[in-house]
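2 protein chains.
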Amino acid sequence: MPVLPSGVLGALDPTSDRAVFRQIADQLREAIDKGKFAEGDKLPSETELVEHYGVSRMTVRNSLSVLQGEGLVVSEHGKGVFVRPRPPVRRLASDRFARRHREQGKSAFTVEADAAGSHPTVDSLEIKEERPSQDIATRLGGPRRVLARHRRYLLDGRPVEFATSYLPLDLARGTAIAEPNPGPGGIYARLEELGHRLDRFEEEIRARMPAPSEVKTLQLATGVPVIHLIRTAFDTEGRAVEVCDTVMAADAYVLAYQLPAT
Amino acid sequence: MPVLPSGVLGALDPTSDRAVFRQIADQLREAIDKGKFAEGDKLPSETELVEHYGVSRMTVRNSLSVLQGEGLVVSEHGKGVFVRPRPPVRRLASDRFARRHREQGKSAFTVEADAAGSHPTVDSLEIKEERPSQDIATRLGGPRRVLARHRRYLLDGRPVEFATSYLPLDLARGTAIAEPNPGPGGIYARLEELGHRLDRFEEEIRARMPAPSEVKTLQLATGVPVIHLIRTAFDTEGRAVEVCDTVMAADAYVLAYQLPAT
DNA sequence: CCCAGCTACTCGTCTATACGAGTTTGCCTG
DNA sequence: CAGGCAAACTCGTATAGACGAGTAGCTGGG
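Structure below.
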């Protein structure tokens, strides 16, 4: 019978028509929710759960995979299954593109990293000229070619988002925007120097499960969605001067917006 | 050997160190991405995949569960496994709380449903007076008791979000806000009639996997995250007059925001 | 002609077993 | 004492089989 080190897990209800692996998942989930297992704690091993519940190992693994899908636990090969630690989230304030930040030579990512007290890094920078996808072309007003700035952002060494900025080639070619390091204040500062005073941004937000390549790039645990953000920057003449396509680890972010009541 | 009705699936690479179930998942994913299987199409049955690849059924099921976790497919008991149809998404424009909409007697949800050409329903309405959680109390400036308005929203019969509005009790008690139907323009219209002219909203956005109760309430397929939105409404005196906690099916929404470049 | 019931097919649950691979521990050897 | 190695533990992958339950289509009886 139940002989688990911690007496936090109960018995199965054989009369229930709820599947055994769901009952086990329920009990583990409840124990986690109640704090019987804290963040980072190791759950009982598969073998221990097998013995505790008197079921086969595959059934136990099935239970654990349910919890993994919910993003509650992560398993580490050779070590065990652990309650997923919630990494500190970074707030994305809606003033992150404020001109005053640029004038202090800070890019949006730096501004936010500073606010969170983390060390920001940029990674796998790649700049190419290419033909835009249909969607990007439409958002930018139909340019034939664009400059694409690819990069990945890390906080304290952990990858948290990767993004691609697209700019009409006629606007960006030969400028500092096409350089690996666009200089203080980032490409928005350069755009304004080029006479494109920024007027407003539009942001579209989706959430979904990551594709395998995104799991790799962001080193995502199973059960962690991504936030997909597409931002379009408009200058005061109403021209779309940049589209930025960003994929963020959802467990690393809270997005904050201010809406005036008009 | 490969004898699948559609010749879209290849063979396994026994020399690869990639696990067999991942190879199978990769091939299915690629076939779906390439459109060999369209939205709503039935994948080959587990038995067919077992015969095609010459592996055991559990291995095939493992592959399919990977794709389910990615939100690519859904399985239906007794029918088969299908490429997940992407339901039409509803855009949440940032002007959805515009005063002009309220003055036309439209609530925010109605405005958006109209824009999408869908039929909106409200469901499981519940109104209670209660003690606020720590978080809600803080956001509202520390009231001892609040009015909580619970409801679920459906579009064309499909549940897409559920939300709870919290208002300081001293403000809402005895008003139309405490009624099941608060009248034209919703509770924001009533707040303004009570002299709380709305000044701005703050919204916080997170994305995560749903808890089991949320899966049930929103009838979510596996592999579909939720968007968790917390909105605070402030009046012109800077007082927080409402906090709305919303959980949305992520596959039903695109959130759109406009940011002025200040 | 319609419908009831059977059958074949689907996925869901569960068992028992085997081996592989990564991690940790501790003992044993030099 | 330090280092290395083996054992014991962890999860990962895969097999083969059994039965249950939901669905759909066919078939035969009314």
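Respectively, the protein sequence lines represent chains A and B. Note that the UniProt record's numbering has the first sequence beginning at 1, numbered continuously upward. Note that the UniProt record's numbering has the second sequence beginning at 1, numbered continuously upward. We put the CB at the ideal spot given by N, CA and C, even for glycine. A quick note: this is a predicted structure, and the numbers were derived from the prediction, not measured.
For the segment 72-146 of chain A, the continuous beta strand (DSSP E) assignments of 3+ residues that do not extend past its boundaries occur at 73-76, 80-83, 90-92, 120-130, in sequence order. Rounded to the nearest whole angstrom, the CA to CA distance from K34/B to L72/B is 13 Å.
According to the DSSP assignment, P159/B belongs to the beta strand (DSSP E) that extends over 158-168.
In this structure, A250/B keeps its C-beta atom at 8 Å or more from the C-beta atom of R86/A. At a Cβ-Cβ threshold of 8 Å, Q23/A and L12/A count as neighbours. Taking C-alpha positions only, L154/A is separated from A178/B by approximately 47 Å. The closest CA to that of R231/B, considering only G195/B, G54/B, R206/B, is found on R206/B.
Contact between L229/B and E203/B holds, with the beta-carbon distance rounding to 6 Å and staying under 8 Å.
Between the beta-carbon of F82/B and that of L43/B there is about 7 Å, and that keeps the pair under the 8 Å contact cut. With a beta-carbon spacing of about 21 Å, A240/A and L92/A fall beyond the 8 Å limit used to define contacts. Within the segment 194-214 of chain A, R197, L198, D199, R200, F201, E202, E203, E204, I205, R206, A207, R208, M209, P210, A211, P212 place their CB atoms closer than 9 Å to a CB of chain B, listed in sequence order. For the set E126/A, Y53/A, E48/A, the Cα lying nearest the Cα of G80/A is the one of E48/A. With a threshold of 8 Å between beta carbons, Y257/A makes contact with chain B. Under the three-state reduction of DSSP output, F234/B falls in the strand class.
As for any beta strand (DSSP E) of minimum length 3 sitting wholly inside the segment 192-249 of chain A, the runs are 198-208, 226-235, 240-249, ordered along the chain. The beta carbons of T110/B and R152/B sit no closer together than 8 Å.
In summary, no residue of the segment 126-150 of chain A has a CB separated from any CB of chain B by less than 9 Å. Listed in chain order, the positions of the segment 236-260 of chain A with a beta carbon within less than 8 Å of a beta carbon of chain B are A250, D251, Y253, V254, L255, A256, Y257, Q258, L259, P260.
For the 8 Å CB-CB criterion, P168/A and P143/A form a contact. When 9 Å is used as the limit between beta carbons, G69/A is near these residues of chain B: S65, Q68, G69, M209, T222, G223, in chain order. Taking the Cα positions, S124/A is about 28 Å away from P225/B. Looking at the backbone, the Cα of A221/B and that of E214/B are separated by about 11 Å.
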